[in-house]
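Notes follow the structure.
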Amino acid sequence: MNMAVLLSEKALEKVAERFAVLAEPLRLKILYLLRDGEMSVAKLTDAVGTSQPNMSKHLRILWEAGILSREKGGNAVYYSIRDESIYRLCDVVCASLDEKLRDQAAIFSAV
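Note that my numbering numbers the sequence shown so that position 94 is 97, with each residue one more than the last.
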């Protein structure tokens, strides 16, 4: 079935917005760091080696998209995954890329 025929323009815009949120490598790093559970902004910032303002910007984008949850705890803010389905999407994309790279490697190893 052709997805473009099945989805309305508004729905396609929402899908594009979701992909746009994920089209930033730092945000993908954040998602993979949070795969094992919640982390504070400070720990996430240290783990990826960026500035706190930059980290906060990306966390806000993921939170506004409904992908992350946040919770205050004392002086810290903790983030966790709200929408676990995001990992299925990432896994599908990674598997597809892995297959493509293996195919390319096989072509070059045969030369």
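In this text, a Cβ means the ideal position worked out from N, Cα and C, and glycines have one as well.
Query: Considering just the uninterrupted stretch of the alpha helix (DSSP H) at I33, what are its terminal residues?; Result: 28-36
Query: How would you write the range of the alpha helix (DSSP H) that R85 sits in, first residue to last?; Result: Taken as a continuous stretch (DSSP letters only), R85 belongs to no alpha helix (DSSP H), as it is neither H nor E.
Query: In whole angstroms, give me the CA-to-CA distance for E20 and A14.; Result: 10 Å
Query: Looking only at its own chain, which residues have a Cβ that is under 6 Å from the Cβ of Q55, when we skip the five neighbours before and after it?; Result: T48
Query: What did DSSP end up calling A108 once you bin it into helix, strand or coil?; Result: helix
Query: What residues in its chain sit with their C-beta under 8 Å from that of L31, if we drop five residues either side in the sequence?; Result: L25, C93
Query: If you follow the beta strand (DSSP E) that E74 is in, where does it begin and where does it stop?; Result: 71-76
Query: Roughly how many whole angstroms lie between the Cα atoms of Y81 and A23?; Result: 24 Å
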